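Worksheet: one structure, shown below.
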Amino acid sequence: MERYLTYAVILFAISLMSQVGIAGEWSGQVGLEFRYFPQDAIDPRQDYSTNLSPVFEPEYYHEWDNGRQLFAFVPFFRFDQHDANRTHFDVRELTYVKAADTWELRLGVRKVFWGVIEFNHLVDIINQTDLVENIDTEDKLGQPMINLALIRDWGTVDLFIMPYFRERTFPGRHGRLRTRPPVADDLARFESGAEEKHVDLAARYSHFFGDFDVGIAHFYGTSRDPRFIPALKVDKPVLTPFYDLINQTSLDIQVTRGNMLWKLEALHRSGQGKTWNAAAGGFEYTFTGILETAIDLGLLAEYHYDDRDQSASTIFNNDIGLGARLAFNDVQSTTALIGLLVDRDNGGKFFNIEASRRIGTSWLLELQGRFLFDQASTDPAFSIHRDDYIELFLTYNF
Amino acid sequence: MQKWLYLIPLLILLSPELLAETPEEKGLAIAVETEKRDNGWGDQTTDMAMILRNKQGEESHRTLRINTLEVDGDGDKSLTIFDDPKDVKGTAFLSYTHALVPDDQWLYLPALKRVKRISSANKSGPFVGSEFAYEDLTSQEVEKYTYTWLRDELLEGKNCFVIERFPVYENSGYTRQIVWIDQEIYRPLKVEFYDRKNALLKTLTIKDYKQYMDKFWRPDSMHMINHLTGKETSLIWKNYQFGNGLTDRDFDQNTLKRAR
C-alpha cells in the first residue's frame, strides 16, 4: 500500500513541477557510504565486516512572490549491500509554503526540528526517526502535515495536524546495529484503531527574550517511538513494535551569554505505560581562536535523565555526555567532533567521533566512528556492543 | 586709554588655535557625518561573490546573498544565505547587530532543519575561512569606536580624511584601525587594521563606488590582504536592490527557516 502511495506522490510531484515550470532549480547530493566493523557480529546472519551503501537525494525547489511562496520536493534513495530493510526510498519533503506578515501556512511532507541538546534530541517529536540511516536518530522520515504558524510580537505559535503516521524503520535480520532479536516491522500494531491514519496533533509556542530562546510544546497522537513486544515469526524470536497513543508536554530553553550556551530539554509523557518524565541539560563553551590560530574549540557537557530508570527504552536514562568540537575555520571548512557518553548506573561507555572536510569545490568527505565499551547486558545498547564501526561517507554536491 | 586696546584680549581669544576642534572632535565629526550620509536606505538586498586566495595563488570561491534592514537607533538586521560551495548551500545566518552589546545571532542548518542560536561574542574570528572577520563586515555604528583625525591626504587622486579609530566594543581583534575617507562622498576607501600587538595585520581597499537612489554609495568590490599570512580575499558585490519593502518579519526565525 505504501509503495503505491509513494508512486502516486512522485507522479503528483512531477506534474506539479511541470505546472510550476522550469523556473525551479535542481540541487542535491549523491554519495557512497563505506562502513567497516572491526568486531565479529553477535549473530551469524550479520556475518560481514564491511558494507557499501550508495545514497541519492536530489532536491527540486522553486520560490516566487519575493520568496513569500515556495515549493520543494526532496526524494531520498538508499541502497544497502547487505540489509534489505536498509535499502529504502522516502519522500523527505513535498511541500508548499505561503508566508504572510502575521502567519505562515506550510503544507505537505516536511521536516521540523525542535531542540537545543546535542547528545540526544529529546523533545524532537514531529518526525519519525529513520533508524536504519544511523543509530544517532538524527535522520528522519518525511512527515505529512498541515502546519499553521501564527506570528506575533510576543512569539510564534505553531499548530500541526498530522494525518498520516510513519512507522519507524528498523534494520532487518541481516543488518548490523540492530536489536537482538531483530524487529519484525511487518507485525507492528497500534493502540489506535485507525492505525497509521490516526490524525495526530501538536502545538508549540516559541520566542526569544534577550539571551533566552524558549519553546513550549504539546503533542497528542501516536508515539513515534514504539514499545517492543517479543513474539515469534516462523518460529524465530522477534520484537514487534507497538505504537501507543500519548500526550507529551515538553520544554526547551537555551541561554546564550558570551561564549557560553546553557541548554535544557524536558518532557512529560503519558499513555505509554506508566507516565514518565525525562530531561537533559548542559552547556557548551567555545574558545575562539585557540593558541593564536583561527581554530575554535567548543567543550560540551550534558546530563541525561529518564525517570523510568532501568526500564527506560533509551540509553539516556542516567548518563553524562562530554564532548569537544573543533572548527578549523579554514577554506575547506574542516570540522571535528568527539563525544563520550557514560552510563552512571552500569559504567557503559559510548564513544563517538565525527569529522568532515570539503574536497575541491563539490565533494565532501565525512568520517564517523562509534564504539561501545563496558556495556552491561541489561542496557538497551548491549545488542550493538559488537557493532562498533568506522564509516567514510563521500558525497558529490550539486 | 585707547579704546582699541580692549580689542587685544578679544583677538587672542578668537585666535584659530584656541577655537579649533581637537583631532578627537574632528575625527568624531567625520565619523558622524559618514554615518549620517548613509542613513535612510531602509532595506537592501545584494549578491556577493567571495574569492579566497592563498600565498600559492590557489583560489576558492563562495557565493552568498545578503538581505539587510536598517534599524532606527540600533545596528542593522541581516539575513545571509549561502549558495556555494554546494555542500553548504542553504545554510543561513540571521544577525541582529548592536553597537556595544553582543549581537543576537542564529544559524540555520539545512540538513537537520535546525535553528541554533550561536554565541556572538567572537567578532574577530574569520568569516567562512576568509580574511574578513565578522567585525569587518557588520554595520559600523559610530558608538563602536573612539576617533582621532590624523591628517588629510590624497589617495589615488581623491582627497581623503585620514582617521584613526579605536574599538570600544569587547573582544575586538584590533587595537586600532586607520581609515581613509573620501572627502567628496564620505565613504571609506582604505582601512588598515592593527592587531592586538599593534602590528599592521591587514589592509582593506574598497573600490568602484556607485550611487544608488541618488544618494547612497555602495562599492562593487573590496579587497583584503593579510600581511602576516599572505592570504587575500576579494568580495565582489552585485545586484544591489533597495526599497524591497522588507520589514522585521523578513528577519525573523520563521523566515530564517524558509531559507534555501
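As they're listed, the protein sequences go chains V and P. Under the numbering used here, the residues of the first sequence are numbered 272 to 669, in order. Under the numbering used here, the residues of the second sequence are numbered 20 to 279, in order. Built from N, CA and C at the ideal position, the CB exists for glycine as well. Quick caveat: nothing in here was measured; it's all calculated off a predicted structure.
Item: Tell me the DSSP secondary structure of Arg451(V) in three-state form.; Value: coil
Item: Which runs of the beta strand (DSSP E) spanning at least 3 residues fall entirely within the segment 154-190 of chain P, listed in chain order?; Value: 164-174 and 177-186
Item: Please work out which residues of its chain come closer than 6 Å, Cβ to Cβ, to Glu334(V), disregarding the five sequence neighbours upstream and downstream, and give them in chain order.; Value: Leu341
Item: So Ala473(V) is in the beta strand (DSSP E); what residue range does that whole segment cover?; Value: Asp471 to Phe480
Item: Would Gly262(P) be called buried (16 or more neighbouring beta carbons within 10 Å of its own) or exposed?; Value: exposed
Item: Locate the beta strand (DSSP E) running through Ile85(P), then write down its first and last residues.; Value: Glu78 to Leu88
Item: Just verifying my parser: in three-state terms, what is the DSSP assignment at Phe151(P)?; Value: coil
Item: Please confirm if Ser240(P) has its CB atom under 8 Å from at least one CB of chain V.; Value: no
Item: So within the segment 501-572 of chain V, which uninterrupted alpha helix (DSSP H) runs reach at least 4 residues, ignoring any that extend past its ends?; Value: none
Item: Is any beta-carbon of chain P found at less than 8 Å from that of Tyr332(V)?; Value: yes
Item: Compare the C-beta of Asp106(P) with all C-beta atoms of chain V and state if any pair is closer than 8 Å.; Value: yes
Item: Three-state secondary structure (DSSP) at Glu409(V)?; Value: coil
Item: Can you name the residues of chain P whose CB is closer than 9 Å to the CB of Ile422(V)?; Value: Arg268, Asp271 and Asn273
Item: Please classify Met243(P) as buried or exposed, where buried requires at least 16 other C-beta atoms within 10 Å of its C-beta.; Value: buried
Item: Mind listing which residues of the segment 63-87 of chain P have their C-beta closer than 8 Å to chain V's C-betas, in chain order?; Value: Leu71, Asn73, Ser79 and His80
Item: Is there a Cβ from chain P that is less than 8 Å from the Cβ of Arg439(V)?; Value: no
Item: Taking 8 Å as the CB-CB limit, is Met272(V) close to chain P?; Value: Unreliable positioning characterises Met272(V) in this predicted model, as indicated by a pLDDT of 49, which lies under 50. A coordinate reading is not provided.
Item: Quick check on this structure: which residue in Gly94(P), Tyr166(P) and Glu175(P) has the alpha carbon closest to the alpha carbon of Leu156(P)?; Value: Gly94(P)
Item: I need the straight-line Cα distance from Val147(P) to Leu71(P), nearest angstrom please.; Value: 10 Å
Item: So is Lys132(P) in contact with chain V if we call contact Cβ pairs under 8 Å?; Value: yes
Item: Could you check the C-alpha separation between Asp658(V) and Pro512(V) for me, to the nearest Å?; Value: 22 Å
Item: DSSP three-state label for Tyr25(P), please.; Value: helix
Item: Helix, strand or coil for Thr53(P), going by three-state DSSP, please let me know.; Value: helix
Item: Taking the beta carbon of Trp297(V) as the centre, do at least 16 other beta carbons fall within 10 Å, making it buried, or is it exposed?; Value: exposed
Item: Tell me which residues share the same chain as Asp57(P) and place their Cβ nearer than 7 Å to its Cβ, disregarding the 5 neighbours each side in the sequence.; Value: Phe235
Item: Whose C-beta lies closer than 6 Å to the C-beta of Asp484(V) among residues of the same chain, with five residues either side of it excluded?; Value: Gln525
Item: Between the segment 592-605 of chain V and the segment 563-578 of chain V, do three or more beta carbon pairs fall short of 8 Å?; Value: yes
Item: Identify, in the order they occur along the chain, each residue of the same chain with its Cβ nearer than 6 Å to the Cβ of Arg316(V), setting aside the five sequence neighbours on each side.; Value: Arg444 and His445
Item: Hey, would you say Lys620(V) sits closer than 8 Å to Leu611(V), going by beta carbons?; Value: yes
Item: With a threshold of 8 Å between beta carbons, is Leu608(V) in contact with chain P?; Value: no
Item: Between the segment 308-326 of chain V and the segment 646-666 of chain V, do three or more beta carbon pairs fall short of 8 Å?; Value: yes
Item: Just reading off the beta strand (DSSP E) that Arg579(V) is part of, what are its end residues?; Value: No beta strand (DSSP E) contains Arg579(V), which DSSP labels as neither H nor E.
Item: Select from Glu183(P), Gln260(P) and Gly249(P) the residue whose C-alpha is nearest the C-alpha of Gln75(P).; Value: Gly249(P)
Item: From the DSSP output, in three-state form, read off Lys468(V) for me.; Value: helix
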